[in-house]
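The sequence shown maps to residues 314 to 526 in the numbering used here. Glycine residues also receive a C-beta, built at the ideal position from the N, C-alpha and C atoms.
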Amino acid sequence: MTNLSVLIEAQYLPPVQYFSVLAQVKTVYLEAQEHYQKRSYRNRAHLAGANGQMLLSVPLKKGKHQQMPIHQVKVDYKKPWFGEHWHSIKSAYGKSPFFEFYAEPIEAILRSKPDKLFDLNRALLLQLLRTLQLEVDIRETADYGAVPEGTLDLRQAIHPKHPKLDFAPLPYPQVFQERHGFIPNLSILDLLFCTGPQAPLLLKQFADQNPIV
């Protein structure tokens with residue numbers, strides 16, 4: 314870990330690459346003032362299930378989200394999507410070696426129904442950082458556009474539509490690897506449930522192989 318800080322958006326159950334970045338810094342500024350961006354990891358995550366890669370997407374209340382600061386965007390709970398998400402997570406990882414050890418706090422956050430997307434993502438992030446034993450100072454931006462001095466701006470750098478091609482994590486055992494081969498850069502849940510206490514060490518290895526500076 315270095316004294317470097319990064320500015321990055323809050324993502325939903327972020328991919329391994331996101332945590333590989335966080336494993337390299339001491340301070341993270343979560344972008345709380347940006348306008349919502351469609352088709353990003355802000356409200357979606359990828360898992361690996363019996364039929365291959367699967368997408369989880371958090372529904373949002375109707376409105377002009379792209380004209381709204383991210384901290385004001387509300388989650389739509391008219392449909393019990395959180396139950397559907399948890400069913401998908403459990404079907405994908407229920408038989409993984411470490412699911413039972415780490416699942417409960419994640420499920421509790423999903424079922425607590427945070428009103429705002431940013432609050433949901435932040436709560437999940439803080440829990441995952443604790444579980445992964447990553448000591449990172451999490452702060453929120455007060456205004457858009459200003460990048461704190463000495464801070465690397467990684468907003469939009471980790472995106473499902475344009476993944477960073479040079480991020481190449483070492484393969485680790487996955488639940489359905491014999492069926493689909495190794496699928497890289499899934500949600501951090503994949504690494505956590507499949508490798509358990511080895512996950513922090515693996516993240517350090519990924520970070521060493523994929524430095525941000």
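> For tyrosine 457, is the classification buried or exposed, using 16 other Cβ atoms within 10 angstroms of its Cβ as the cut-off for buried?
Replying inline: exposed
> Rounded to a whole number of angstroms, what is the C-alpha to C-alpha distance between tyrosine 485 and threonine 444?
Replying inline: When rounded, the distance between both Cα atoms is 19 angstroms.
> Under a three-way DSSP split, which group does tyrosine 342 fall into?
Replying inline: strand
> Cβ atoms of alanine 361 and histidine 493: under 8 angstroms apart, would you say?
Replying inline: yes
> For the beta strand (DSSP E) that threonine 464 lies in, which residues bound it at each end?
Replying inline: Where threonine 464 is concerned, the enclosing beta strand (DSSP E) stretches over 464-466.
> Which word fits histidine 384, buried or exposed, when buried means at least 16 other C-beta atoms lie within 10 angstroms of its C-beta?
Replying inline: buried
> Which runs of the alpha helix (DSSP H) spanning at least 4 residues fall entirely within the region 359-438, listed in chain order?
Replying inline: If we require 4 residues or more, the alpha helix (DSSP H) runs fully inside the region 359-438 come out as 394-406 and 412-424.
>> Using DSSP's beta-bridge definition, name the partner residues of serine 500.
In response: Pro328
>> For lysine 527 and proline 473, I'd like the C-alpha separation in whole angstroms.
In response: Given a span of 314 to 526 for the chain in the structure shown, any question on residue 527 remains unanswerable.
> What is the DSSP secondary structure of valine 319, reduced to helix, strand or coil?
Replying inline: strand
> Going by Cα to Cα distance, which pick from Ile451, Asn434, Asp521 and Ile496 is closest to valine 371?
Replying inline: Asn434
>> DSSP has histidine 475 in a bridge; who is on the other side?
In response: BP columns for histidine 475 are empty, so no partner.
> Which residue from Tyr354, Leu483, Val449 and Trp399 puts its Cα closest to that of proline 418?
Replying inline: Trp399
> Taking the DSSP output, what are the residues bridged to aspartate 450?
Replying inline: Thr340
> Rounded to whole angstroms, how far is the Cβ of threonine 464 from the Cβ of tyrosine 342, which I believe are closer than 8 angstroms?
Replying inline: 6 angstroms
>> According to DSSP, simplified to helix, strand and coil, what is arginine 443?
In response: Arginine 443 falls in the helix class under three-state DSSP.
>> Can you determine whether any heavy atom of the ligand MN sits closer than 7 angstroms to the C-beta of isoleucine 383, and answer yes or no?
In response: With respect to the ligand MN, the structure shown offers nothing to examine, as it has no ligands at all.
> Would serine 425 be called buried (16 or more neighbouring beta carbons within 10 Å of its own) or exposed?
Replying inline: Serine 425 counts as exposed, since fewer than 16 other beta carbons sit within 10 angstroms of its beta carbon.
>> According to DSSP, simplified to helix, strand and coil, what is arginine 352?
In response: In the structure shown, arginine 352 adopts coil according to DSSP, grouped into three states.
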